[in-house]
Amino acid sequence: MQLYGVQSTALRYFLEVARCGSISEASVRLNVAASAVSRQISKLELALDASLFERRARGMVLSEAGTRLAAYARKSQLEAEQVVLEITELHGLQRGHVHVACSEGFALEYMPRNISAFRREYQGIHFTLEVCAPAEATEKVRSGEADLAMTFSLTPQKEVKVEHFLSGAIFAVVSNSHPLAGREAVSLAELQPWPIALPKADTTIRQLFDICCGVQGLLFDPVLTTNYVAALYSFVREEGVISLASEMTLHKQVADKQLQCLPILDEGMQARRIELQSMAGRNLPAAVSAFRDFLIADLAKAKRR
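Quick note on the numbering used here: the sequence shown kicks off at 776 and runs consecutively.
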């Protein structure tokens, strides 16, 4: 819900230009003239005595002052929307909406299972589940576009609160008929003789894998590279190759004995975390808080397994 009476026109126009990186595109989304958007930006810059954007050939990029104002404006907008939700919708969690961003591995099994379990108790809560690269999921929380992000992280993130975390160690995935099946653990060097299928370079799995292999001088020539994680694990079953995954990503397929996840001994393959993230400093709406607590309880159980 957009709170036009609460959120000033100038700040609202400013935020849309920040999202789009263009006054003309922002004017289309806002359904107002570009000149009106430009005037509101100039009004803000005059009032603050600061340039909010750097004007470049390919668009507008937030200046340092603009970045700070955007963080304030996003939080103010979200908090205003929360007040309306609490007054008009959230009577004992009978109604509400939760927007979750997650990387693809969590969208295969984990997030649908938990959303379904949560809705068995709170059927009036509706969800948006957006699947994207790990860094993009974090950015959606930082910008306020998503309420929660469930993703893998390699480094601490600014303006993001980590609600809960656990190890995101990377495992080797094999079919039950693979020669390595049944092993308690493997090293990267032991994977080298076998065909391997890998995700693309924008994933934390591939980034850590490439770093660890580079340090050890190990060369792999993947027979399949894809940006669709589900295809990797179907290919493991069909072709008998090796792939890589978080154990949580394939929990159901491992429990059903369709695939096996083997711990990788190389230390660098444990250098990431699974994080449940929200915007730092934001008071979460009741529906979001309830689902956050639901996920934290489930993640705590996963940590003990």
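Built from N, CA and C at the ideal position, the CB exists for glycine as well.
Computed from a predicted structure; not experimentally measured.
Answer yes or no: do residue i and residue j have a C-beta to C-beta separation smaller than 8 Å?
| i | j | result |
| --- | --- | --- |
| residue 873 | residue 828 | no |
| residue 936 | residue 1055 | yes |
| residue 1034 | residue 950 | yes |
| residue 956 | residue 1017 | no |
| residue 962 | residue 1037 | no |
| residue 984 | residue 967 | no |
| residue 809 | residue 798 | yes |
| residue 906 | residue 921 | no |
Nearest by alpha-carbon distance to residue i: which of the options is it?
| i | options | result |
| --- | --- | --- |
| residue 814 | 794, 1045, 838 and 784 | 784 |
| residue 794 | 869, 806, 919 and 913 | 919 |
| residue 952 | 1007, 1008, 1030 and 1015 | 1015 |
| residue 977 | 912, 1028, 954 and 1008 | 912 |
If I measure Cβ to Cβ from residue i and keep anything under 6 Å in the same chain, skipping five residues before and after, which residues do I get?
| i | result |
| --- | --- |
| residue 939 | 1051, 1071 and 1074 |
| residue 1045 | 944 |
Given this structure, state the Cα-to-Cα distance separating residue i from residue j, to the nearest angstrom.
| i | j | result |
| --- | --- | --- |
| residue 1066 | residue 993 | 43 Å |
| residue 917 | residue 877 | 13 Å |
| residue 1158 | residue 1049 | An answer regarding residue 1158 cannot be provided, because it is not within the stretch 776 to 1080 covered by the chain. |
| residue 987 | residue 885 | 27 Å |
| residue 806 | residue 833 | 22 Å |
| residue 1013 | residue 923 | 35 Å |
| residue 1020 | residue 1058 | 33 Å |
| residue 788 | residue 804 | 10 Å |
| residue 802 | residue 786 | 14 Å |
| residue 820 | residue 800 | 20 Å |
| residue 960 | residue 904 | 34 Å |
Could you name the residues of the same chain whose beta carbon sits closer than 8 Å to that of residue i, not counting the 5 residues immediately before and after it, in chain order?
| i | result |
| --- | --- |
| residue 1000 | 972, 973, 974 and 975 |
| residue 790 | 845, 848, 849 and 852 |
| residue 812 | 788, 791, 792, 798, 801, 802 and 805 |
By Cβ distance below 7 Å, which residues in the same chain neighbour residue i in space, the five residues on each side in sequence not counted?
| i | result |
| --- | --- |
| residue 979 | 909, 927, 929 and 1047 |
| residue 894 | 900 |
Applying the criterion that 16 or more other CB atoms from any shown protein chain within 10 Å of the CB defines a buried residue, is residue i buried or exposed?
| i | result |
| --- | --- |
| residue 824 | exposed |
| residue 915 | buried |
| residue 1003 | exposed |
| residue 932 | buried |
| residue 836 | exposed |
Within the 8 Å Cβ cut-off, does residue i reach chain B?
| i | result |
| --- | --- |
| residue 886 | Protein chains in the displayed structure number just one, and chain B is not present. |
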